[in-house]
Amino acid sequence: MRRIGVLTSGGDAPGMNAAIRAVVRKAIYHGLEVFGFRRGFYGLMNGEYTLMRLGSVADIIHRGGTVLLTARAPEFEKESGQKKALHIIRDCGIDALLVIGGDGSFRGAAALEKLGVATIGVPATIDNDIAFTDYSIGFDTAVNNVTDAINKVRDTATSHERVYVIEVMGRTSGYIALAAGLAGGAESILVPEIPFALSEVVERLQRGVKRGKLHSIILVAEGAASAFSVAQAIKEQTKMDVRVTILGHVQRGGTPTAFDRILASRLGAEAVDLLQSGCHGQMLGLLDGKICTTPFEKALAEEKHFPADIYQLAAILAI
Ligand code: ATP
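As structure tokens, this is what we get:
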């Protein structure tokens, strides 16, 4: 192996830059050349790349987003798009490709693997919805961003004796809502993985008011319900002062936490070592603190197991 490619794909996640840095530096350490493809699979199909040097990844470890840029590239989901990418890979003399992204990006990587390109997936998505890894790069930073926002909303919620319904990201998963809800002491957490009844949320609120609570925070994952409809239902049933805050894209911005930088550095470096040892067609993950590999087909066929026990704990602690 002489030359590898690296790209970031799907939604940006804080820590992607630390992963790119680790890939580039570890590859150069092994005497390999690295081509960085811009805009994910879009750039791969269109030959948008630069040769990455040690200096190309200087001063990026602390930055959110991705210096390689990222994109959604629907054309790549078709065989014609994948063939286009294959030609570029062959033309550039790329021997292997590292894909930093979420499960959609891993489907793309798996498609290239089937076409004969050695690929490795590095999990990076704030949604943390990839099976066979306890954490994906970016999740910890997003959870910290949301927890920080809850702390701030709590100040105004208490001062005005209000209920705040806060909507957080996660697409079809509730990991951010669960982790930030537990860390932020939310009264109720609504996630798509666990059925809920609004009547229970209302009862919980009313119990809180009876014992003198001045405010309440309800955390809603975007895939579970609309914060506005939850707020409307509470208003109608309780006549409480209910406000909505939709955190949006601030959740995925800002400097990555030390946890995400360390995770990204470990996974990025390990990805290069794996390729060096001839291993590919796999995603990397962190399970019980140890780096492990899982074949794409197995990883993509499995739903991540939602930690119902932690959900239960959050509910108990918010009685
Ligand atoms: P996030 O979790 O942040 O949304 P993701 O990697 O899951 O990240 P997607 O938008 O699902 O994000 O996928 C990113 C890109 O991966 C797509 O735009 C497309 O180029 C490629 N991709 C997704 N699904 C497939 C597929 N089935 N076959 C080939 N390529 C795919």
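Counting in the working numbering, the sequence shown runs from -7 upward without gaps.
Yeah, the Cβ is synthetic: ideal placement off N, Cα and C, and Gly gets one too.
Item                                                                                                                                   : Value
If you count every other CB in all the chains shown that lies within 10 Å of the CB of E105, and 16 or more means buried, which is it? : buried
Would N143 be called buried (16 or more neighbouring beta carbons within 10 Å of its own) or exposed?                                  : exposed
Regarding F68 and ligand 1, is the C-beta to nearest heavy atom distance less than 8 Å?                                                : yes
How is the beta strand (DSSP E) around Y167 delimited, first residue to last?                                                          : Here Y167 belongs to no beta strand (DSSP E); instead the alpha helix (DSSP H) covers 167 to 176.
Identify whether S1 lies in helix, strand or coil by the three-state DSSP scheme.                                                      : coil
Return yes when at least one heavy atom of ligand 1 lies under 8 Å from the C-beta of F220, else no.                                   : no
Taking the beta strand (DSSP E) that K282 falls in, what are its first and last residues?                                              : 282 to 287
Looking at ligand 1, does it come within less than 8 Å of F124, judged from the CB to the closest heavy atom?                          : no
Please state the DSSP three-state secondary structure of I112.                                                                         : strand
Taking the straight line between their C-alpha atoms, what separation do you get for V91 and L206?                                     : 48 Å
Where does I308 land, buried or exposed, given buried means 16+ other C-beta within 10 angstroms?                                      : exposed
Please report the straight-line C-alpha distance between V160 and G56, rounded to a whole angstrom.                                    : 18 Å
Comparing the CB of T150 with every heavy atom of ligand 1, is any distance shorter than 8 Å?                                          : no
Please classify T62: is it buried, with 16 or more other beta-carbons within 10 angstroms of its beta-carbon, or exposed?              : buried
I think I168 touches V193, with their Cβ atoms under 8 Å apart; what is that distance to the nearest whole Å?                          : The pair is not a contact, with the Cβ atoms about 19 Å apart (cut-off 8 Å).
Give the secondary structure of M(-7) by DSSP, where H, G and I count as helix, E and B as strand, and everything else as coil.        : coil
Are the beta-carbon atoms belonging to R17 and L43 less than 9 Å from one another?                                                     : no
Run the CB neighbour count on I311, radius 10 Å, all protein chains shown included, and call it buried at 16 or more, exposed below.   : exposed
Going by CA-CA distance only, name the one from T286, G260, V49, P66 that's closest to R31.                                            : P66
Quick check: is any heavy atom of ligand 3 less than 8 Å from the C-beta of D95?                                                       : You won't find ligand 3 in this model; what it holds is ligand 1.
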